[in-house]
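Participant: Read in order, the letters of the sequence shown are residues 19 to 104 in our numbering.
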Amino acid sequence: AHPDANCGDFCALLTHCVASLCEEDLGRSFPEESRNLLERSCSTSCTDELIRENIAPKWDCFFENSCRAIFADDVCQADSSYHCSG
19 AHPDANCGDF CALLTHCVAS LCEEDLGRSF PEESRNLLER SCSTSCTDEL
69 IRENIAPKWD CFFENSCRAI FADDVCQADS SYHCSG
């Protein structure tokens with residue numbers, strides 16, 4: 019497992035990626051409130067155990083690939099996906 023794996027960095031990456039992908043897909047900016055809500059929701063549900071078991075083994079993959087590769091193409095095989103509310 020990766021020693022640097024943690025909820026803070028993971029939630030920041032998740033929030034950044036979903037916001038960026040939704041901006042690309044919808045052709046408009048991702049609202050700040052939605053960004054904050056997403057990060058809070060991730061922080062609330064994220065646990066060290068979850069990171070250790072599911073995310074840490076794929077940590078490098080998450081930080082070496084583009085957001086679209088991770089969340090749209092699931093290159094890290096982490097059952098990653100995203101949904102933009104229209």
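A virtual CB, placed ideally from N, CA and C, is assigned to each residue, including glycine.
Fair warning: this is a prediction, and the values are worked out from it, not measured in the lab.
1) Can you round the beta-carbon distance between I88 and A23 to whole angstroms, since I take them to be within the 8 Å contact cut?
2) Find the nearest neighbour of V34 within the set A96, A74, F80, Q95, judged by alpha-carbon distance.
3) Is I69 close to chain B? Criterion is C-beta to C-beta, closer than 7 Å.
4) Can you tell me whether L32 is buried or exposed, with buried defined as 16 or more other CB within 10 angstroms of its CB?
5) Of the choices E67, P21, S59, whose alpha-carbon is the least far from that of V36?
6) Out of S103, E82, A74, point me to the one whose CA is closest to H20's CA.
Facilitator: With the given structure in hand:
1) At roughly 15 Å, the Cβ-Cβ gap does not stay under 8 Å, so I88 and A23 are not in contact.
2) According to the sequence as given, residue 34 is His; it is not Val. Among A96, A74, F80, Q95, the Cα nearest to that of H34 belongs to F80.
3) Protein chain content of the structure displayed is limited to a single chain, and chain B is not contained in it.
4) buried
5) S59
6) A74
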